[in-house]
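**Q** The structure is given below, and queries will be raised subsequently.
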Amino acid sequence: MRQYDIIFLSVFLLFCAVTYMGIQSHKNMVNEHLQMIADEEARVERQAALRAQQEIDDAIEEAKYKDNVTHDGNQESQTYPISLEATDSYDGEGDKITYIWSQLSGKTIELPSTSEKTIYFSAEAGDYEFELTVEDIYGAIGVETKFVEIQAEPNTAPVAKINVIRKEKPEPEPEPKDPWDGNVDSIRVFQGENGLKQDGIWGKESQLKYNKVKEQ
Ligand SMILES: [Ca+2]
Ligand SMILES: [Ca+2]
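If you read the sequence shown in my numbering, its first letter stands for residue 9, the second for the next number, and so on.
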């Protein structure tokens with residue numbers, strides 16, 4: 009092979025190698041770009057799904073009946089009185105309708121009736137879901153569910169405050185009336201036991217002594 013041919017062949021092979029590498033590099037770039045598009049589409053889909061779920065959650069929150077147990081100064085009572093009313097239910101033709109109540113979620117409540125137009129019961133704090141089914145005489149039915157959120161009895165902690173002042177413990181107020189309803193004999197017995205016979209019928213010393221004895 010002539011020297012000229014060798015040079016030409018070498019240049020050609022180098023050209024082929026560079027071209028191949030260029031094509032591979034381009035393919036890699038295209039693949040990376042396609043992957044980025046796929047990732048972006050997946051991200052958009054995830055966000056759309058999250059938004060849709062959030063809208064459902066917001067709608068449920070908005071439709072919820074919310075209230076809390078009334079503060080009544082008794083920590084033993086933690087229930088909330090509830091009435092579920094179907095009074096706004098109606099039939100387009102004015103057909104007679106029947107009512108069926110059921111509880112779908114939440115701490116189980118024994119409903120006093122499942123077929124009255126209005127039912128009453130008490131529930132503890134928590135989340136509940138109730139369902140009302142109305143049925144006309146043709147067997148056609150309408151259904152509505154209602155979310156109820158009852159929060160715990162509201163309560164705040166008491167506030168502790170200390171005042172420091174210079175003051176001696178005051179003497180207890182004397183009991184002005186004797187405990188024997190003026191029975192002099194009984195008063196005299198008490199005074200005799202306590203060395204107070206010189207204190208009149210029910211003097212101040214007797215009153216103070218009686219208070220001290222009562223405190224012991
Ligand atoms: Ca209470
Ligand atoms: Ca009807």
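A virtual CB, placed ideally from N, CA and C, is assigned to each residue, including glycine.
Computed from a predicted model, the values in this text were never measured in an experiment.
Around the Cβ of Thr-33, are there at least 16 other Cβ atoms within 10 angstroms (buried) or fewer (exposed)?
**A** Thr is not the amino acid found at residue 33; the sequence shown has Ser there. With fewer than 16 other Cβ atoms within 10 Å, it is exposed.
**Q** Mind checking who Thr-141 pairs with in its DSSP beta bridge?
**A** Answer is Ile-108, Val-151, bridged to Thr-141.
**Q** Note the first and the last residue of the continuous alpha helix (DSSP H) segment covering Tyr-98.
**A** First-last for Tyr-98: undefined, no H or E at that position.
**Q** With 16 as the cutoff for other CB atoms within 10 Å, does Phe-138 come out buried or exposed?
**A** With 16 or more Cβ atoms within 10 Å of its Cβ, Phe-138 is classed as buried.
**Q** If distances are taken between C-alpha atoms only, which option among Glu-223, Tyr-128, Trp-109, Gln-215 comes closest to Thr-122?
**A** Considering only alpha carbons, the answer is Trp-109.
**Q** Relative to ligand 2, is the shortest distance from any of its heavy atoms to the C-beta of Glu-101 smaller than 7 angstroms?
**A** Result yes, Cβ under 7 angstroms from ligand 2.
**Q** Closer than 8 angstroms is the cut-off here; do at least three beta carbon pairs connect the stretch 161-181 with the stretch 93-102?
**A** Judged by Cβ distances under 8 angstroms, the stretch 161-181 makes no contact with the stretch 93-102, as fewer than three pairs qualify.
**Q** Tell me the residue span of the alpha helix (DSSP H) that contains Asp-47.
**A** Where Asp-47 is concerned, the enclosing alpha helix (DSSP H) stretches over 11-71.
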